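The block underneath contains the structure these notes are about, expressed in structure tokens.
Chains as they are written, first to last, in the numbering used here: chain A, 121 to 256; chain B, 58 to 204.
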């Protein structure tokens, strides 16, 4: 695929994430791939964020907006020359809109091997209830 | 010199991949596609080179490092393994999004001629596999002093 290679090589942006980049430059962020599933207790979100450590991960809730953001840190030698790149940015960011029946105060999050798992529980009122029928 | 091939080499994924690469190329800077990571083969791979080594970085989140098989055979570096779906995700009655890769994967990267297949190191951290292949001593740049 020599054509492909031309395309990737002309992109001169620093593609392999490097340490010590400035924090405040405008960044191109990747949207991490997610799995989202709903059960009776709440919504579970899995997000692929390879290279992101716990310290570099931010989960923010503002109103009904849930945002996950992380920076991958990959230690590579300084004089590296990039030959091929599929991941073009070390930044991950994605937002979700929460519905009112979810309780953002009780989000639980774990990060393992670059996968973020979040559980957003439903508020008590919103959980499905079984209504007992009393026999008169 | 370098090329990487997607796992199951059928024509349509390959065309899609090419199309997406072209789209990405013409995309104005600062605008990221919503599924920038979702295209192409798993794991996504970046390859870089220094004077001493070839660095292969595979973005393989959610994989047990003990289950990744790394082999070097005749200048081809091959990464294979399986990513199982998360059991908790399966329990959910309703699935709204399933963008993450599951199943077996295999990626093959052709190493440059001067790579030394006897000196390969692999590290895994936070879902990133970092393989360093040393270059042969004879191919490293040397300075020759004039006596």
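Here a beta-carbon is modelled for each residue, glycine too, at the ideal position from N, C-alpha and C.
Bear in mind the structure is a predicted one, so any value in this text is a computation, not a measurement.
Item, Value
"Quick one: which chain A residues come within Cβ less than 9 Å of residue 102/B?", "204, 205, 206 and 207"
"Which bits of chain A does residue 184/B rub up against, with CB to CB less than 7 Å?", "170, 171, 233, 234 and 235"
"In three-state terms, what does DSSP make of residue 157/B?", "coil"
"Taking C-beta pairs closer than 8 Å, name the residues in chain B that residue 199/A reaches, listed in chain order.", "107 and 108"
"To the nearest angstrom, report how far apart residue 226/A and residue 119/B are at their CA atoms.", "24 Å"
"Taking 7 Å as the threshold (C-beta atoms), are residue 129/B and residue 177/B in contact?", "yes"
"Closer than 7 Å, Cβ to Cβ, to anything on chain A: give me those residues from the stretch 153-169 of chain B, in chain order.", "153, 154, 155, 156 and 157"
"Is it the case that the stretch 152-160 of chain A contacts the stretch 150-165 of chain B, given that we only count it when at least three CB pairs across the two stretches are under 8 Å?", "yes"
"Within 7 Å (strictly less), CB to CB, does residue 173/B reach chain A?", "no"
"Quick one: grab the DSSP three-state call for residue 122/B.", "helix"
"Taking residue 252/A as part of the beta strand (DSSP E), name the residues at either end of that continuous run.", "First-last for residue 252/A: undefined, no H or E at that position."
"Of the choices 164/A, 162/A and 170/A, whose alpha-carbon is the least far from that of residue 183/B?", "170/A"
"Please report the straight-line C-alpha distance between residue 189/A and residue 178/A, rounded to a whole angstrom.", "5 Å"
"Name the DSSP beta bridge partners of residue 169/A, please?", "None; residue 169/A has no bridge partner."
"Measuring alpha carbon to alpha carbon, tell me which of 201/B, 202/B and 187/B ends up nearest residue 106/B.", "187/B"
"Verify the CB distance criterion: does residue 155/A have a CB-CB separation below 7 Å to chain B?", "yes"
"Residue range of the beta strand (DSSP E) that residue 188/B falls in?", "185-192"
"Run through chain B and tell me which residues come within less than 8 Å of residue 240/A, C-beta to C-beta.", "Under the 8 Å cutoff, chain B gives no residues; its nearest Cβ is about 12 Å from residue 240/A."
"For residue 65/B, decide whether its Cβ has a neighbour in chain A, counting only Cβ atoms nearer than 7 Å.", "Because residue 65/B carries a pLDDT of 47, less than 50, the predicted location of this residue cannot be relied on, and no value is offered for it."
"In the DSSP output, what is residue 103/B paired with across the bridge?", "114/B"
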